[in-house]
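Residue numbers (the working numbering): 798 to 1037. Positions of the beta carbon are idealized from the N, C-alpha and C atoms, including for glycine. Just so you know, these numbers come straight off a predicted model, no measurement behind them.
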Amino acid sequence: MWRFMRWRRMRLRMRRWKMKREGSDGCCGGNNILALSVVIAVLFAVAAYALLQPSETPPAEGVQSPPNAVVASDSGGGGLLQVVVYSDFKCPYCARAATTVNQIREEYEGRIEVVFRQFPLSFHRGADKAAEAAECARDQGMFWEYHDMLFERHGSGYDVGDSDVLKSIASDLGLARLQFNRCLDSSSKESLVESHISEGRSRGVSGTPTFFIGGQKVVGAQPMSAFREVIGSELGGAGG
């Protein structure tokens, strides 16, 4: 009898030892659960640390800049002072700035060169087509006239992203109709417009209008006085 009891106690000990071993090493055992808990805690700590770090995300592409100036370094070349403007024919701030651009061209004639770069914003439907049309007009030496008419028609409620409206503007300005229509319909200026956009992005342009005046960057539809100050400093005090 005592041998039987001894055998039962040994069997019970073996079962308890086996259960303890399975509880330590099994797939759902205590040590694995503890390890998993530690891993989860570490992941939460890392995520919390990342969320607390200051964001360095650049401005979103295509945001229309409010009318406040931003100045940054961007060294220019020799000869005439270049005033480079990135603009969108459906942008209300650009329409306001267009009048100032024409005033700059007149006031500083012979001392500066205004260079227009197409930067149609993605959320302005048809702005890219208006940009192509302006480049088609440039081929006939009528860029600035077409530029002014685009902003004028858009301000009057016309859809300047519509091909018929764009062709009507060309006709009203006396451009060679067949040449202009062929240029516009073939999308031959699409790659040029895309190159302007890429160039602008590489220079940090994210909204319109954006100007590069010699070594300075100006963002927004600023008053003429602000441009006089910047141009004057770039011309060595001769632009006031």
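Query, Result
"Buried/exposed call for SER862, threshold 16 Cβ in 10 Å", "Low confidence applies here, because SER862 scores a pLDDT of 42, under 50, leaving its location unreliable and the question unanswered by this model."
"Rounded C-alpha distance that separates GLY874 from GLY1011", "Only weak support is given to the placement of GLY874: the predicted model assigns it a pLDDT of 46, under 50, and the value that follows is read from those uncertain coordinates. Approximately 7 Å, taken between the alpha carbons."
"Contacting residues, own chain, Cβ-Cβ under 7 Å from VAL898 (five flanking each side not counted)", "VAL882 and VAL911"
"ARG1025 to ASP885 span [Cα, whole Å]", "23 Å"
"GLU906 (DSSP reduced to helix, strand or coil)", "coil"
"Rounded straight-line distance, which links the Cα of LEU1032 to that of ALA1018", "21 Å"
"Runs of beta strand (DSSP E) wholly within the segment 899-946 (minimum 3 residues, chain order)", "909-915"
"Span of the beta strand (DSSP E) around GLN1013", "1013-1016"
"Neighbourhood of THR1005 by C-beta, 8 Å cutoff - its chain only, sequence neighbours within 5 removed", "GLN861, SER862, TYR883, SER884, ASP885, CYS888, TYR890, CYS891, PHE916 and LEU918"
"Identified DSSP bridge partners for VAL880", "VAL911 and ILE1010"
"Supposed close pair GLU929, GLU987 - CB separation, criterion 8 Å", "6 Å"
"Run of the alpha helix (DSSP H) containing GLY1029, from where it starts to where it stops", "1021-1031"
"Three-way DSSP call (helix, strand, coil) for THR897 in this model", "helix"
"Distance, TYR955 Cα to GLY1029 Cα", "37 Å"
"Cβ-based burial, THR896 [other Cβ within 10 Å; buried from 16]", "exposed"
"6 Å CB neighbourhood of LYS926 in its chain, flanking five on each side removed", "GLY958"
"Span separating the alpha-carbon of PHE948 from that of PHE940", "13 Å"
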